[in-house]
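For reference, the structure discussed in these notes is given below.
There are 2 protein chains.
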Amino acid sequence: MPRGRLTAADVVRAGAELADEIGYQDLAMGALAQRLGVRAPSLYKHVDGLDDLRRRIAVLAMTELGEVVRAAIQGRAGTDALASFARAFGAYITAHPGRYTATIGAEVSGPGDELYDASARVLESMAAILRGYGVEEDEMVHALRTLRCLFHGYAALHTANGFQWSGDTDESFDWMIGFVDRGLRVRPPGPEGVQDRR
Amino acid sequence: MPRGRLTAADVVRAGAELADEIGYQDLAMGALAQRLGVRAPSLYKHVDGLDDLRRRIAVLAMTELGEVVRAAIQGRAGTDALASFARAFGAYITAHPGRYTATIGAEVSGPGDELYDASARVLESMAAILRGYGVEEDEMVHALRTLRCLFHGYAALHTANGFQWSGDTDESFDWMIGFVDRGLRVRPPGPEGVQDRR
DNA sequence: CCATAAAGCTAATCCGATTAGCCGAGCGCC
DNA sequence: GGCGCTCGGCTAATCGGATTAGCTTTATGG
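Here you go:
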């Protein structure tokens, strides 16, 4: 029954593109409206203000990221899956720094929340990788969080240019992945007492 | 030659406290002025606007963090140093979420930049730890960045409440540290070819 | 004591987000 | 084949916070 031109999805997509181009910090209703050939107030017919727009961009980003990494690990396992995941992840944040930045500060409530669910899908891919390494269920949560910290930290530092990771960044990224790979492949044998208290 | 009451340091300190209390997002000139018993425009005599204030808070945070972790690893080495560092780091970001958030988005240029230098001091502590593990110089950069990603990611997710890490967060944190510790203690023997290309 | 520069203040400006309320266009239905 | 309804856009206005301009006060140091 609608009629017109823009849809909420259009606005969010354009917002994401704009954020990627000019930087998340400078994302503004006015600029977005202009890009869409519309006046700022009109956007409020589609999104519920700037905060809502930001959150929707975060959801979009996390959703896209989830799809990308899911595809990347398809049919792979172990080292192969991890490397492929990492490559896909790195490529995404490099191609879409604005989008990813949107996810960094976003508040996440709990199940049912779109952003939570989208994040959960990404985590599910990570979990699949870890299962492939034979990580026990009781360690899964911890290993998952460790991976998350690593990738999120990388993304955050990378998108914020957080330490002229220019040039040899990729090399460090690969080293990092190699480090995790080794760590995960060493332990499966069994929970032998490698000291671990506090 | 000066005269009065406030100093730039006072303003920054109060801003940091305010950010810790009400959240970095809500840090505003007006609110800060009020807390200092002064009108908003007066703050401009001490800091060069909101962006400058934010950056100074980031510098303060990174500086404090540097001191805290340096103290934590004093006289320790290996696993002990890593654990102590981690504990100090975790305690700092928990006690000062606003401050740390300020560092997350801040732009870092290069040597000479206060924030860069403060970050470098934190990294130096990390490097000291890694040296204690016998990490080779040619891997140092990569190992350093890996640690940085891990801790930064942890901090970012933690301060943003990025996945109800309520309760058992500490346990995961310890697991993460244990994982790194194992990884670092395994390799020193020599760069045997554990696959590492691309 | 007086000249001065720093530190505050008030009033004013700017800008971007947001709200209020009006308007034209397609569409379902009679 | 026209009528009213709803949607999407628009203009004008409001709001709020940051920032600027320019005045005032005060302590200090000569």
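These protein sequence lines are chains A and B, in that order. Position one of the first sequence corresponds to residue 1 (the working numbering), numbered consecutively onward. Position one of the second sequence corresponds to residue 199 (the working numbering), numbered consecutively onward. From the three backbone atoms N, C-alpha and C, an ideal C-beta is built for every residue, glycine too.
The ligand GTP heavy atoms versus the CB of residue i: any closer than 7 Å?
| i | result |
| --- | --- |
| Gly330 of chain B | Ligands are entirely absent from the displayed structure, and the ligand GTP is therefore not among its contents. |
What separation, rounded to the nearest whole angstrom, lies between the Cα atoms of residue i and residue j?
| i | j | result |
| --- | --- | --- |
| Arg253 of chain B | Pro295 of chain B | 15 Å |
| Ala143 of chain A | Ala217 of chain B | 31 Å |
| Ala9 of chain A | Gly134 of chain A | 40 Å |
| Tyr100 of chain A | Ala155 of chain A | 8 Å |
| Phe85 of chain A | Val180 of chain A | 13 Å |
| Phe89 of chain A | Ala95 of chain A | 10 Å |
| Val12 of chain A | Ile57 of chain A | 6 Å |
| Val108 of chain A | Ile93 of chain A | 20 Å |
| Tyr24 of chain A | Cys149 of chain A | 21 Å |
| Leu204 of chain B | Ala231 of chain B | 11 Å |
| Leu27 of chain A | Glu136 of chain A | 43 Å |
| Gly37 of chain A | Tyr314 of chain B | 41 Å |
| Asp336 of chain B | Glu171 of chain A | 12 Å |
| Leu43 of chain A | Glu219 of chain B | 33 Å |
| Met140 of chain A | Val339 of chain B | 29 Å |
| Gly310 of chain B | Arg343 of chain B | 20 Å |
Leaving out the 5 sequence neighbours to the left and right, which residues in its chain are closer than 6 Å to residue i when beta-carbon positions are compared?
| i | result |
| --- | --- |
| Arg121 of chain A | Gly66 |
| Leu251 of chain B | Gly213 and Val245 |
| Ser317 of chain B | Met260 |
| Ala275 of chain B | Gly330 |
| Arg185 of chain A | none |
Taking residue i as the reference, which of the options has the closest Cα?
| i | options | result |
| --- | --- | --- |
| Thr301 of chain B | A:Leu147, A:Asp168, A:Leu157 and A:Gly112 | A:Leu157 |
| Thr63 of chain A | A:Ala16, A:Val135 and A:Ile22 | A:Ala16 |
| Val267 of chain B | B:Arg211, B:Gln223 and B:Ala289 | B:Ala289 |
| Gly183 of chain A | A:Ala160, A:Leu147 and A:Ala86 | A:Leu147 |
| Gly75 of chain A | A:Gly37, A:Arg13 and A:Gly132 | A:Gly132 |
| Asp249 of chain B | B:Gly303, B:Met338, B:Gly235 and B:Glu219 | B:Gly303 |
| Glu312 of chain B | B:Arg285, B:Met374 and B:Leu258 | B:Leu258 |
| Trp373 of chain B | B:Arg285, B:Ile327 and B:Pro309 | B:Arg285 |
| Ala270 of chain B | B:Ile327, B:Pro309, B:Glu369 and B:Glu219 | B:Ile327 |
So what does DSSP say about residue i, is it helix, strand or coil?
| i | result |
| --- | --- |
| Pro295 of chain B | helix |
| Val306 of chain B | coil |
| Arg346 of chain B | helix |
| His356 of chain B | helix |
| Pro191 of chain A | Note that Pro191 of chain A scores 48 on pLDDT, short of 50, meaning its location in the model is unreliable; the coordinates nonetheless yield the value given after this. Here Pro191 of chain A sits in coil by DSSP. |
| Asp80 of chain A | helix |
| Leu328 of chain B | helix |
| Ala226 of chain B | coil |
| Ala8 of chain A | helix |
| Tyr92 of chain A | helix |
| Asp199 of chain A | Chain A is shown from 1 up to 198; residue 199 of chain A falls before or after that span and cannot be answered. |
| Tyr242 of chain B | coil |
| Gly75 of chain A | coil |
| Leu36 of chain A | coil |
| Gly264 of chain B | helix |
| Asp113 of chain A | coil |
| Glu335 of chain B | helix |
| Gly381 of chain B | helix |
If I measure Cβ to Cβ from residue i and keep anything under 8 Å in the same chain, skipping five residues before and after, which residues do I get?
| i | result |
| --- | --- |
| Gly30 of chain A | Ala40 |
| Val366 of chain B | Looking at the sequence shown, residue 366 of chain B is not Val but Asp. So the list is empty, once near-sequence residues are dropped. |
| Phe173 of chain A | Ala86, Gly90 and Tyr154 |
| Ile177 of chain A | Leu82, Ala83 and Ala86 |
Near residue i, what residues of its chain come up, given a Cβ to Cβ distance below 7 Å and the 5 sequence neighbours on each side ignored?
| i | result |
| --- | --- |
| Arg224 of chain A | The structure shown has nothing for residue 224 of chain A, since chain A only spans 1 to 198. |
| Thr357 of chain B | Ile291, Pro295, Tyr298 and Thr299 |
| Phe151 of chain A | Phe89 |
Is it the case that the stretch 320-329 of chain B contacts the stretch 278-292 of chain B, given that we only count it when at least three CB pairs across the two stretches are under 8 Å? Look at the beta carbons and you see the stretch 278-292 of chain B touching the stretch 320-329 of chain B: at least three pairs across the two are nearer than 8 Å.
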